[in-house]
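In numbering that gives the first Met the number 0, the protein residues as written are 0 to 631.
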Amino acid sequence: MRVRVLLNKCCWSAVFAASAGLTLAGCGGGEANPPAVSIEQSGNPAASAPASTPAPIHQPAVEVTASSSVEAPANPATAAATQRTTPAQLTSTQQPQAGGAQAANMAAQGAAEMQINAGGNPAAGQPELPPPLTAAELAAEMNLDNVPDGTPTELLTYMNNLTAVPFPDNATPQELRQFATKVYSNVITAADKLLVSQGATSEERRNAVQFKFNAYEMLIQILPNQAEQIRQERIQFAQNIAQSNDPEVSRFARLFLFEQMLAQFAAGEPSLFQPVLEDARYIIEDPNADIMHFGVAENAATVFARMGHTNEAVSILTMMKNSFTGAKDEKLAARAAELDDMIMQYKILGTMMAAANGNEAAEDQLIAAVRAWIATKPKEDLEPLQMLSTIEMQMEDYRKMQLARKLANLMLEFYGNHPDPQVVESVKVSVSNAEKRTGLIAKPFVVEGNNLNGTPFDWSQYKGKWVLVDFWATWCPICIEEMENIKQVYQKYRAKGFEVVSVNLDDDPRARSAFFQSNALPWPTVISADPDNTGFGDPNAQRCGVEALPFLVFVGPDGTVVEINPRGERLEELLQSVLNQGAGGVRSLSNPSVGVMQQVPGATAPAGRGQVSPPQQVPSTADADVSLKVVR
Numbered sequence: 000m001r002v003r004v005l006l007n008k009c010c011w012s013a014v015f016a017a018s019a020g021l022t023l024a025g026c027g028g029g030e031a032n033p034p035a036v037s038i039e040q041s042g043n044p045a046a047s048a049p050a051s052t053p054a055p056i057h058q059p060a061v062e063v064t065a066s067s068s069v070e071a072p073a074n075p076a077t078a079a080a081t082q083r084t085t086p087a088q089l090t091s092t093q094q095p096q097a098g099g100a101q102a103a104n105m106a107a108q109g110a111a112e113m114q115i116n117a118g119g120n121p122a123a124g125q126p127e128l129p130p131p132l133t134a135a136e137l138a139a140e141m142n143l144d145n146v147p148d149g150t151p152t153e154l155l156t157y158m159n160n161l162t163a164v165p166f167p168d169n170a171t172p173q174e175l176r177q178f179a180t181k182v183y184s185n186v187i188t189a190a191d192k193l194l195v196s197q198g199a200t201s202e203e204r205r206n207a208v209q210f211k212f213n214a215y216e217m218l219i220q221i222l223p224n225q226a227e228q229i230r231q232e233r234i235q236f237a238q239n240i241a242q243s244n245d246p247e248v249s250r251f252a253r254l255f256l257f258e259q260m261l262a263q264f265a266a267g268e269p270s271l272f273q274p275v276l277e278d279a280r281y282i283i284e285d286p287n288a289d290i291m292h293f294g295v296a297e298n299a300a301t302v303f304a305r306m307g308h309t310n311e312a313v314s315i316l317t318m319m320k321n322s323f324t325g326a327k328d329e330k331l332a333a334r335a336a337e338l339d340d341m342i343m344q345y346k347i348l349g350t351m352m353a354a355a356n357g358n359e360a361a362e363d364q365l366i367a368a369v370r371a372w373i374a375t376k377p378k379e380d381l382e383p384l385q386m387l388s389t390i391e392m393q394m395e396d397y398r399k400m401q402l403a404r405k406l407a408n409l410m411l412e413f414y415g416n417h418p419d420p421q422v423v424e425s426v427k428v429s430v431s432n433a434e435k436r437t438g439l440i441a442k443p444f445v446v447e448g449n450n451l452n453g454t455p456f457d458w459s460q461y462k463g464k465w466v467l468v469d470f471w472a473t474w475c476p477i478c479i480e481e482m483e484n485i486k487q488v489y490q491k492y493r494a495k496g497f498e499v500v501s502v503n504l505d506d507d508p509r510a511r512s513a514f515f516q517s518n519a520l521p522w523p524t525v526i527s528a529d530p531d532n533t534g535f536g537d538p539n540a541q542r543c544g545v546e547a548l549p550f551l552v553f554v555g556p557d558g559t560v561v562e563i564n565p566r567g568e569r570l571e572e573l574l575q576s577v578l579n580q581g582a583g584g585v586r587s588l589s590n591p592s593v594g595v596m597q598q599v600p601g602a603t604a605p606a607g608r609g610q611v612s613p614p615q616q617v618p619s620t621a622d623a624d625v626s627l628k629v630v631r
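See below:
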């Protein structure tokens, strides 16, 4: 993610929700008889779902690791199309917890408390408590070998208690895996008992279905070697209950199947375009639509926008606005009232992509759309400022320098007289930095400073070569990742006159030293010669207007800048282009034509730079190639 340091904010949420990878298969589900298998991966996968209100349908899939905590995937609302890192970001953008992952951390915390309390401190007046139960003792106490019979209410309570239990932290990985498998298998068995109960209400049956879906989602994560089998069983179960005479259960299952189809579409199956669009409309038009329908339809709009189909995304959101405004459900009505803002942002996203792909008319439309959106916001709301900052940097990466400067000027126009003097100062510095970056193209470039050993760096030795100048820091994980790509290109093209120079922007020399103790770069690293001006105060960074990392400058043999930020595949693409053209490539690429860019309809980031990854491929279903007709 690329975020301006001075603003110290998260990126524009709604627009880059559209360009982030999505986690759609959050319902879970499966078949009556869970697989009796041993777990191959350790972890602590607890999940909690109250009997009266099961976990939401959009519970993200969690990753089970060898540690005692489980993290949810990054929230799509805070993921950016072009990844950059700032120092403040490392502490301000931690991954949120959601659904089962949140419960897992609660369970781990509970287990940790058991461990802490076990020792006691008699000297401090605290009683010495007995040691925590082992996995076997806890399983025996919970009677995991016997799923009880009971009323629907008793069965729901049993499922809730199972998923809320703190997992033992004194168990071996194998014991923990077996314990977790038994817990979620029992949830499935209890749900099946409830589903055949003659006295169960529609709501109880639906809650049981959701418990079962969530249990199967957890088993998929716990049992990676059998994940595909479990997924197929889950889908078969969903298809079976989709034919249920109980409308609540049937509707719930169909929503799950729709999300499976939506995930396949997002993963790159264009034939599902029309079925997904049609079923999204049926979901919205369901006379019994609730907050789950809203969430599923909103997911569909996000997927369409992320894939570049912003018109369809806006159409879905507009239909949602019309259908859910004034709903009796206050929560649903409140969510519908927020859609106008999202609709405007998706319209901006559409014009931004069109401008990036060479539509000159869209550039003026983008400026107008941004102005209109800012007009809907109060002065104290800085979200539009973040949006301007993000889009401006995106246009730099798309090599739309003139448009980037216009967007930077909008920042100054709307926030240059903000009542908060800190905001004013930040805006002025950011606009100045944007002018420096966009003004680099076709201008002479110089790198000054010292080598790591303290000797002066000699930039003149690179005259006549193609040089990539890489601004980075050890605290920037994206920088380290980008270096791996640069290394591959460097090895491939060095013999043809390609060189790399790194400019390290660490404030702490100890962090830099620690990095180089275990890492080596095949090219020189330059540091500031002035110990009082390091980090983003490095003279090289100041001249270039660097305020987010990684920042790359591609310099031609004549010493002038050809392009900034050629990341990922773009770096090799650029090298191939200039090497084929010779020295004349400097002039021809200083203001590249649209043809230099990869023309991907709806692309949300420059080719090879920040391209979003589709969700994991989900298994095909019988309903994948036909409309589900959700409300029929």
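Glycine included, every Cβ here is placed at the ideal spot set by N, Cα and C.
field: CB of VAL499 within 8 Å of CB of ASP469, strictly
entry: yes
message: On the DSSP letters alone, give me the boundaries of the alpha helix (DSSP H) that ASN239 sits inside.
response: Counting along the chain, the alpha helix (DSSP H) containing ASN239 begins and ends at 226-240.
Distance between ALA299 and ILE282 (C-alpha atoms, nearest Å): 10 Å
query: Among PRO420, PHE550, VAL313, which residue has its Cα nearest to the Cα of ILE479?
result: PHE550
- request: Just confirm the distance between the C-beta atoms of ARG176 and ILE219, as a whole number of angstroms; I'd bet it's less than 8 Å.
  value: That pair is no contact at about 14 Å.
message: Three or more C-beta pairs under 8 Å: does that hold for the segment 420-437 against the segment 522-536?
response: no
query: Cα separation between GLN393 and GLU284?
result: 37 Å
message: Taking its Cβ as the centre, do 16 or more other Cβ atoms sit within 10 Å of GLN344, making it buried, or is it exposed?
response: buried
query: Mind checking whether GLY534 and ASP557 have CB atoms under 8 Å apart?
result: no
message: Please classify LYS211 as buried or exposed, where buried requires at least 16 neighbouring CB atoms within 10 angstroms.
response: buried
- prompt: Ordered along the chain, which non-local residues of its own chain (more than five positions away) have a Cβ less than 6 Å from that of SER196?
  reply: PRO151
- request: Express the C-alpha separation of GLU136 and THR156 in angstroms, rounding to a whole number.
  value: Answer to the nearest angstrom: the Cα atoms are 21 Å apart.
task: For ASN452, name the three-state secondary structure that DSSP assigns.
output: coil
Backbone secondary structure at LEU439 - three-state DSSP: Here LEU439 sits in coil by DSSP.
task: Kindly indicate which residue of SER388, GLY448, LYS399 has the alpha-carbon position closest to the one of VAL422.
output: For VAL422, the nearest C-alpha among the options comes from SER388.
message: Applying the 10 Å Cβ sphere with the 16-neighbour rule, what's the burial state of VAL445?
response: exposed
- prompt: Mapping DSSP to helix, strand and coil, what is VAL446?
  reply: coil
- prompt: Taking C-beta to C-beta, are VAL208 and ALA252 nearer than 8 Å?
  reply: Yes. Within cutoff.
- request: Assign GLN401 to buried or exposed, taking buried as 16 or more other Cβ atoms, counted over all protein chains shown, within 10 Å of its Cβ.
  value: exposed
Secondary structure, alpha helix (DSSP H): runs of 4+ residues fully inside the segment 475-499: 476-492
message: For a quick check, are the C-beta atoms of TRP465 and VAL577 less than 8 Å apart?
response: yes
query: Does DSSP put ASP285 in a helix, a strand or coil?
result: Coil, per DSSP.
Contact check, LYS399 vs ALA441, beta carbons under 8 Å: no
message: If I follow the unbroken alpha helix (DSSP H) through PHE550, where does it start and stop?
response: No alpha helix (DSSP H) contains PHE550, which is instead part of the beta strand (DSSP E) from 550-554.
query: Three-state secondary structure (DSSP) at ASN532?
result: coil
Option in ASN408, PRO521, SER429 with minimal Cα separation from GLU546: SER429
task: Spatial neighbours of ALA403 within its chain, please: CB distance less than 6 Å, with the 5 preceding and 5 following residues excluded, ordered by chain position.
output: GLU391, MET394, GLU395, THR437
field: ASN503 - partner residues in DSSP beta bridges
entry: TRP471
- request: Apply the 10 Å Cβ neighbour rule to SER501 and answer buried if 16 or more other Cβ atoms are within range, or exposed otherwise.
  value: buried
- prompt: For PHE497, is the classification buried or exposed, using 16 other Cβ atoms within 10 angstroms of its Cβ as the cut-off for buried?
  reply: So PHE497 ends up on the buried side.
field: Range of the contiguous beta strand (DSSP E) that encloses THR524
entry: 524-526
query: What span of residues does the alpha helix (DSSP H) with GLU153 cover, start to end?
result: In the DSSP assignment, GLU153 falls within the alpha helix (DSSP H) that extends over 151-163.
task: With distances taken Cα to Cα, identify the nearest neighbour of PRO172 among VAL186, THR133, ASP339.
output: THR133
field: Segments assigned alpha helix (DSSP H), at least 4 residues, entirely inside the segment 163-197
entry: 172-194
field: Where GLU362 sits in the DSSP three-state scheme
entry: helix
Own chain, CB closer than 7 Å to LEU406, minus 5 neighbours either side, in chain order: LEU387, ILE390, GLU391, MET394
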